[in-house]
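*Asks:*
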Amino acid sequence: MRLDVPSDLGMVGDAVELVATHLPPGTLSPRRISFNLRTALAEALGNAIRYGNGEDPDRMVRVYVELRRDFVRIHIDDDGQGFDSSRLPDPTHPDNLEREYGRGLFVIRHLVDDVAFNEKGNGICLTLRAG
Amino acid sequence: MRFTLKKDKSGVVIVGVEGQLIVGNRQELKQKVLEALEEGSRKFVIDFSKTGYIDSSGLGVLVSLSKKIREQGGELRLAGLNADLQTLFELTKLDTLFAITGTAEEALAAF
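Heads up: the protein sequence lines correspond to chains V and S, in order.
Quick note on my numbering: the first sequence kicks off at 1 and runs consecutively.
Quick note on my numbering: the second sequence kicks off at 1001 and runs consecutively.
Below, the structure is given as structure tokens:
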């Protein structure tokens, strides 16, 4: 499954529903699709649109979903310069708790089984194992 | 996805979040609550009993609203989180920041 999403934050919800509702049943439980996949995909898309593509209407975010018997893997790529995911502050630290931003990657890491970035840092790959 | 807004007889504003609270619609929630705050409302309950999922932008807007409401001498309570949403608040430690009840009725009774 491939999807090109315009860099408009208002499109995130529809894009997430398109992916979630077109996943064939079996690999992921309904609960994991309903919550883990939807939330993680919304996060990743939102980051790609806002931080990667700067909400530039001329840029697209490319989504590619790999379906296997043992896992679902979602690749999300933007046209940005990339970023270093290792330099993010801990959003659960008391000093950061009242910040409005900074939780996205933390949430993703806790909802999916594996997170990987491409070398440039403008592509993220989310893996949810079967179950 | 949509937001519903009503006031109970004691003036508490109850906002219902139907669907999801994410990056694409968080500004709408923020606007609705801030408008009610400007009109003089000080007690708020956000009811998530019909909410499927919340992303970090949604969590962020709740943090921002909580701060603004408190600055005006008001109070915000969250209600109706399902098990997954409750887990989300716990892992981000936002359960320590918000008053969370099982139902909107319990939140209203707590004011």
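Backbone N, C-alpha and C define an ideal beta-carbon position, used for all residues, glycine too.
On a CA-only basis, which of V:G80, V:L105, V:D84 is nearest D90 (chain V)? Give me that one, please.
*Replies:* For this step, residue 90 (chain V) is matched to residue 90 along the first sequence. The shortest Cα separation from D90 (chain V) among V:G80, V:L105, V:D84 belongs to V:L105.
*Asks:* Among V:T127, V:L45, V:S29, which one has its Cα closest to the Cα of L18 (chain V)?
*Replies:* Position 18 of the first sequence, counted from the first residue, corresponds to residue 18 (chain V). The candidate whose alpha carbon is nearest that of L18 (chain V) is V:L45.
*Asks:* Assuming F1111 (chain S) contacts K1050 (chain S) under a Cβ cut-off of 8 Å, what Cβ separation, rounded to an integer in Å, is found between them?
*Replies:* Along the second sequence, one-based indexing puts residue 1111 (chain S) at 111. Along the second sequence, one-based indexing puts residue 1050 (chain S) at 50. Actually they do not touch by this definition, with Cβ atoms about 22 Å apart.
*Asks:* Taking Cβ-Cβ distances shorter than 7 Å, what residues in chain V pair up with S1057 (chain S)?
*Replies:* What you label residue 1057 (chain S) is simply residue 57 of the second sequence in a count that begins at 1. Going along chain V in sequence order, the residues near S1057 (chain S) (Cβ under 7 Å) are G46.
*Asks:* So what's V1023 (chain S) in DSSP terms, helix, strand or just coil?
*Replies:* For the purposes of this step, residue 1023 (chain S) is taken as the residue at position 23 of the second sequence. In the structure shown, V1023 (chain S) sits in coil (DSSP, three-state: anything other than H, G, I, E or B).
*Asks:* Between the region 68–97 of chain V and chain S, which residues of the former have a C-beta closer than 7 Å to a C-beta of the latter?
*Replies:* Here the close residues are P91, T92, L97.
*Asks:* Take every Cβ of the region 2–21 of chain V, pair it with every Cβ of the region 43–62 of chain V, and state whether three or more of those distances are shorter than 8 Å.
*Replies:* Yes, since at least three Cβ pairs between the region 2–21 of chain V and the region 43–62 of chain V fall closer than 8 Å, the two stretches touch.
*Asks:* Using the beta-carbon of each residue, which ones in chain V are nearer than 8 Å to S1064 (chain S)?
*Replies:* Translated into the one-based positions of the second sequence, residue 1064 (chain S) becomes position 64. Correct list: E100.
*Asks:* When you compare only the Cα positions, how much space is there between D78 (chain V) and M11 (chain V)?
*Replies:* Here residue 78 (chain V) is taken as the residue at index 78 of the first sequence, counted from 1. Here residue 11 (chain V) is taken as the residue at index 11 of the first sequence, counted from 1. Distance between the alpha carbons of D78 (chain V) and M11 (chain V) is about 15 Å.
*Asks:* Excluding the 5 residues preceding and the 5 following E1053 (chain S) in the sequence, name in chain order all residues of the same chain whose CB lies nearer than 7 Å to its CB.
*Replies:* The residue given as residue 1053 (chain S) occupies position 53 in the second sequence. Note that residue 1053 (chain S) corresponds to Tyr in the displayed sequence, not to Glu. For Y1053 (chain S), where only same-chain residues beyond five positions count, the Cβ hits under 7 Å are Q1020.
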